[in-house]
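Visitor:
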Amino acid sequence: MNKALKNKILESLENIKAVNPIAIDVKKISSLTDFMVIASGTSNRHLAAMSDKVIEGLKDSNVSGIKIEGKGGDEWLLVDAGDVIIHLMSSEARDFYDLESLWDPDL
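Here you go:
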């Protein structure tokens, strides 16, 4: 289910034109979640639309307990779906925080 959910999230992000969506398998290094999905948006409005689309897909997949952080912000939205945590970021925030290198130094 986790892998299928991750793939559905990536597909939703690609359909809404997210910039460079990636998934990182963190099962071996984190007890918080199985996958981190990271994607950039082109504007605040795009980030909000990406968040809405992801949440809609999660609800369609009967995922419960979805938590959202940063709603109304302009740099970084986080959607916590339990087994998958989704980081939706401005390009500037993504470059600054460089989560890809934090969670997978080989990227």
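All residue numbers for the sequence shown refer to the numbering used here, where the first residue is 26 and numbers rise by one.
Backbone N, C-alpha and C define an ideal beta-carbon position, used for all residues, glycine too.
1) In angstroms, rounded to a whole number, what distance separates the CA positions of Asp123 and Ile93?
2) For Val88, name the three-state secondary structure that DSSP assigns.
3) If you drop the 5 nearest sequence neighbours on each side, which residues of the same chain put their C-beta closer than 7 Å to that of Lys31?
4) Exposed or buried, what is Ser76 when buried is set at 16 or more other beta-carbons lying within 10 Å of its beta-carbon?
5) Near Leu83, what residues of its chain come up, given a Cβ to Cβ distance below 6 Å and the 5 sequence neighbours on each side ignored?
6) For Val44, which three-state DSSP category applies?
7) Shortest alpha-carbon distance to Ile41 belongs to which of Glu117, Ala74, Gly95 and Asp131?
8) Of the choices Ala43, Leu113 and Lys52, whose alpha-carbon is the least far from that of Asp129?
Guide: Per the coordinate set shown:
1) 20 Å
2) coil
3) Ala48, Phe60, Val62 and Val109
4) It counts as buried.
5) Ile91 and Ala106
6) strand
7) Checking every option, the nearest Cα to that of Ile41 belongs to Ala74.
8) Lys52
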